[in-house]
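Here the structure is laid out as structure tokens; the discussion comes afterwards.
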Amino acid sequence: MSNESIQVQGIMKRYGSLLAVEDVSFNVGQGEFVSLLGPSGCGKTTTLRMIAGFVDPSGGVLRVHGRDVTHLPPEKRELGFVFQNYALWPHMTVAENVAFGLKLRKKSRNFIRDKVAESLSTTGLSGYEDRLPRQLSGGQQQRVALARALALEPQVLLMDEPLSNLDRALRVTMRRELKELQARMKMTTLYVTHDQEEALSMSNRVVIMNKGRVEQVAAPYELYENPATSFVADFVGITNFLEGIVAGADGERLAVKLVSGQVLRAVNKKPVAPGTKVRALIRPERVTLKTGRIDGDNVLTGQVILSEYFGALLRYSMRLDSGDILRAEVHNFDSVIENGTRVWICALPEHVRVIAHEKGV
Ligand code: ADP
Ligand code: MG
């Protein structure tokens, strides 16, 4: 048997003429936390619901612990779920809500009592047994939904935007609690979100989806530092794109001739052949900005056109002499550069990536 808890192979879903999910493949390893991340409508929920068994795939194969479950009903898949609207029974107490699934499975009274106590303790809800959902905060209700899923001891937990109904402060706290719990219980988790911070901070690996397809599957650091496509570079974080063509290549080291004629030195893990039309990518936090001359490689010049102050962070927009707009983020600053000021900008070659133009672009 393979070490993969979930295997998704070429799964698709057609709704009439709409291909909601088109050829999606990825695996989730034992104990791994994997997120599906992408914009609204890209097919995350449909993918998760196919894995859960609530939506019948139009094609492809789904395996859980090596077993083909593609056409099994949800209750035969040994998966747990937590959905966006936690849908607690409003007239049942916390303990009754958590016990509900166990009763359906005809577990003994003692077993249910112990399991409910254990799940509530795990989720920090001991003492709330007799409350009704409306007597709880949003975060506590969310934890009841989690306790209810955990009580069934799923080998694999599927979650669809479980934190998106909470306010920001609570979301950040719950994110940590959930991740901590998942790691402690070594629970295989597939997590759907459109929130990149959530996906980056919680996951071992992230599956980036766009229009029903997978753009990239990688660890968070890898996604951000070495995005495979323009979509990933743009969707995860903020990035600057400069159009050019590869003028020279020496292994990972590339020279990119920009449309402006200037040459940028870049370092790219993936080899790119000379003559390839590319986009050079520079993250705003990698940009060095000076109001005096800088000499050396990768120096661009321009003018500040906008500064946005966020307290700990200053974000500048600059119009380069080439006409391109470039953004820079500065964290340690003593003053703000005024609009209209002439600036010298540079980025180290190892902070410049390239993405070959995708076909049809
Ligand atoms: P996400 O969760 O990424 O926001 P969804 O998986 O919910 O996206 O939806 C993907 C696409 O499929 C959307 O265009 C959506 O409108 C469509 N869709 C989802 N469910 C159905 C359905 N039951 N019938 C028809 N179209 C659907
Ligand atoms: Mg969704």
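The sequence shown: position 156 = 1301 (the numbering used here), numbered continuously.
Just so it is clear, CB atoms sit at the ideal spot from N, CA and C, and this is done for glycine as well.
Note that this is a predicted model, so its numbers are computed, not measured.
Cβ-based neighbour list, residue i, same chain, cut-off 7 Å, excluding 5 preceding and 5 following
| i | result |
| --- | --- |
| Ser1282 | none |
| Val1305 | Contrary to the premise, residue 1305 reads as Asp rather than Val in this sequence. The answer, listed in chain order, is Thr1190, Leu1193, Phe1228, Gln1229 and Val1337. |
| Arg1316 | Leu1308 |
| Gly1272 | none |
| Glu1167 | Met1157, Gly1357 and Arg1358 |
Segment limits, alpha helix (DSSP H) that includes residue i
| i | result |
| --- | --- |
| Asp1168 | No alpha helix (DSSP H) contains Asp1168, which is instead part of the beta strand (DSSP E) from Leu1163 to Gly1174. |
| Val1481 | Segment: none, Val1481 is in no alpha helix (DSSP H) and carries neither H nor E. |
| Thr1334 | Where Thr1334 is concerned, there is no enclosing alpha helix (DSSP H), although the beta strand (DSSP E) it sits in stretches over Thr1333 to Thr1338. |
| Asn1255 | Arg1254 to Thr1267 |
| Asp1379 | Ser1375 to Phe1380 |
| Gly1205 | Gly1205 -> not in any alpha helix (DSSP H); beta strand (DSSP E) instead, spanning Gly1204 to Val1209. |
| Val1214 | Counting along the chain, Val1214 falls outside any alpha helix (DSSP H), and DSSP gives it neither H nor E. |
| Asn1242 | Val1239 to Leu1249 |
| Arg1194 | Lys1189 to Ala1197 |
| Ala1344 | Gln1341 to Met1347 |
Cβ shell of residue i (< 8 Å), same chain only, five flanking positions each side left out
| i | result |
| --- | --- |
| Gly1505 | Unreliable placement is indicated for Gly1505, whose pLDDT of 46 sits below 50; no coordinate value is reported for it. |
| Val1200 | Lys1158, Thr1191 and Arg1194 |
| Asn1355 | Gly1183, Pro1184, Cys1187, Phe1376 and Phe1380 |
| Leu1311 | Gly1283, Gly1284, Gln1287 and Met1319 |
| Thr1446 | Leu1465, Asp1466, Arg1487, Val1488, Trp1489 and Ile1490 |
| Leu1297 | Gly1225, Gly1246, Leu1247 and Arg1250 |
| Leu1345 | Val1351, Pro1365, Leu1368, Tyr1369 and Val1381 |
Neighbourhood of residue i by C-beta, 6 Å cutoff - its chain only, sequence neighbours within 5 removed
| i | result |
| --- | --- |
| Leu1471 | Asn1385, Met1463 and Leu1465 |
| Glu1274 | Val1239 and Ala1240 |
| Ala1244 | Ile1257 and Val1261 |
| Arg1498 | Asn1413 and Leu1426 |
| Glu1430 | Glu1474 |
| Glu1453 | Arg1460 |
Endpoints, beta strand (DSSP E) assigned at residue i
| i | result |
| --- | --- |
| Ala1232 | First-last for Ala1232: undefined, no H or E at that position. |
| Glu1360 | Arg1358 to Ala1363 |
| Ile1500 | Val1497 to Ala1501 |
| Ser1282 | Where Ser1282 is concerned, there is no enclosing beta strand (DSSP E), given that its DSSP letter is neither H nor E. |
| Asn1148 | Careful: Asn1148 lies outside any beta strand (DSSP E) and carries neither H nor E. |
| Asn1385 | Asn1385 to Asp1395 |
| Ala1411 | Val1408 to Val1412 |
| Arg1424 | Lys1422 to Ile1427 |
| Leu1182 | Phe1178 to Leu1182 |
| Leu1399 | Arg1398 to Leu1403 |
| Asn1355 | Arg1350 to Asn1355 |
Bridge partners - residue i, DSSP secondary structure assignment
| i | result |
| --- | --- |
| Cys1491 | Thr1433 and Val1444 |
| Tyr1461 | Ser1452 and Ala1473 |
| Leu1302 | Gly1225 and Thr1334 |
| Gln1152 | Asn1172 and Arg1208 |
| Arg1159 | Leu1164 |
Buried versus exposed, by CB contacts within 10 Å (16 or more), residue i
| i | result |
| --- | --- |
| Ser1180 | buried |
| Ile1353 | buried |
| Gly1389 | buried |
| Arg1428 | buried |
| Asn1148 | exposed |
| Gln1152 | buried |
| Gly1225 | buried |
| Glu1483 | exposed |
| Leu1249 | exposed |
| Ser1162 | exposed |
| Gly1155 | exposed |
| Ala1364 | exposed |
| Gly1211 | exposed |
- Lining residues of the ligand ADP - beta-carbon closer than 6 Å to any non-hydrogen atom, in sequence order: Tyr1160, Leu1163, Ala1165, Gly1183, Ser1185, Gly1186, Cys1187, Gly1188, Lys1189, Thr1190 and Thr1191
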